[in-house]
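Structure first, then comments.
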Amino acid sequence: MSEPPAQLQPRLTVDGITINVPSLPEAVSSIVSAAQHGDNFSVCTLNLDHVVQLQQHANFRAAYRRARFVTADGFPIVVLSRLLGTRIERTTGADLVEPVCAEARKKGLPVFLFGANELTLEVTARRLVERFQGLQIAGYFAPGSGFDPYSSEADAAIESIRASGAKLCFVALGAPRQELFAARCLDELNGTGVLCIGAALDFIAGTQDRAPSIARRTGLEWAWRMLREPRRLGPRYVKCMTVVPRLVARTIPQIVQARMRKAA
């Protein structure tokens with residue numbers, strides 16, 4: 001077992017949720033170090049849609065607060081960090097999968113895939129093993145439609161993960177179900193890190209298209225996605241935009257304090 005991983009320092013607090021992972025390389029390093037040490041932990045990636053849902057669901061908020069590692073997924077959150085003089089890079093769940101698998105292969109850490117559907121999981125597992133030869137896929141589990149994180153099916157999934165011996169589990173259910181399931185895993189597994197990754201497995205399998213890299217780099221991924229699915233995503237993004245003024249207002253005291261410290 002490796003040395004205990006170093007504790008990450010808070011970088012930015014957004015509506016009561018602390019982001020403590022400033023970049024993709026630091027996320028990968030921290031996740032793999034914790035997995036090598038045999039820790040139970042969860043990883044969440046904060047975006048504006050999550051901020052909206054955090055106001056509505058107490059259990060979701062509790063699950064987020066239990067996460068060991070929280071990255072900035074949403075581009076507006078990255079902008080807030082820059083206003084504070086704290087540079088945080090956008091790191092999504094989809095960004096994490098392949099670099100974590102690359103390190104898991106090197107360190108001999110078995111991984112488990114959970115979410116999507118049977119065919120997507122089969123294709124994803126095959127592609128990951130092809131890209132990272134020697135990677136151990138300990139198993140995978142495709143939940144039924146309308147999966148409930150507190151159901152008997154969730155009990156069976158947790159038992160499958162436990163029996164597999166996986167040190168890392170990628171959970172692709174979408175928020176808030178994946179975060180609620182991850183919180184259960186913290187209580188019921190021993191020595192498994194759970195990463196909440198949204199649609200990442202679909203991207204790898206090719207069943208969904210990810211936004212072009214230029215859209216992701218420029219903060220326009222939301223526009224690309226909305227043009228493709230306006231009926232589903234339009235109302236969601238309207239809600240997201242309504243929280244921006246509140247977030248900015250709540251962040252202003254942090255910005256003022258940061259500027260005063262710089263001037264001192």
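If you use the UniProt record's numbering, the sequence shown corresponds to residues 1 to 264, in order. From the three backbone atoms N, C-alpha and C, an ideal C-beta is built for every residue, glycine too.
In this structure, Glu221 is the residue among Gly206, Ala205, Glu221 and Ile204 with its C-alpha nearest to the C-alpha of Pro212. DSSP lists no beta-bridge partner residue for Cys101. Taking the Cα of Asn20 as reference, the smallest distance to any Cα among Val238, Phe69, Asp39 and Cys44 is reached at Phe69.
Across the set His37, Pro22 and Tyr64, the C-alpha of Tyr64 shows the shortest separation from the C-alpha of Gln178.
Taking C-beta separations shorter than 7 Å and ignoring five residues to either side along the sequence, the partners of Ala138 in its chain run Pro110, Val111, Phe112, Ser164, Gly165 and Ala166, following chain order.
In the DSSP assignment, Val171 forms a beta bridge with Phe114 and Cys196. Between the stretch 145-155 and the stretch 235-242, the count of C-beta pairs closer than 8 Å stays below three; the two stretches do not touch. Boundaries of the alpha helix (DSSP H) around Phe75: Phe75 to Leu83. Residues of the same chain with a CB within less than 8 Å of the CB of Val78, apart from the 5 flanking positions on each side, are Ala72, Ile88, Glu89, Arg90 and Gly219 in chain order.
Non-local C-beta neighbours of His50 in its own chain, meaning closer than 7 Å and more than five positions away in sequence, comprise Ala175, ordered along the chain.
The alpha-carbon of Arg210 is positioned some 23 Å away from that of Pro22. Judged by DSSP secondary structure, Ser29 falls within the alpha helix (DSSP H) whose first and last residues are Leu24 to Gln36.
Beta-bridge pairing by DSSP links Thr13 to Thr18.
Taking the CA atoms as reference points, Ala34 sits about 30 Å from Gly144.
Annotated as proximal: Gly191 and Asp39, with beta-carbon spacing under 8 Å.
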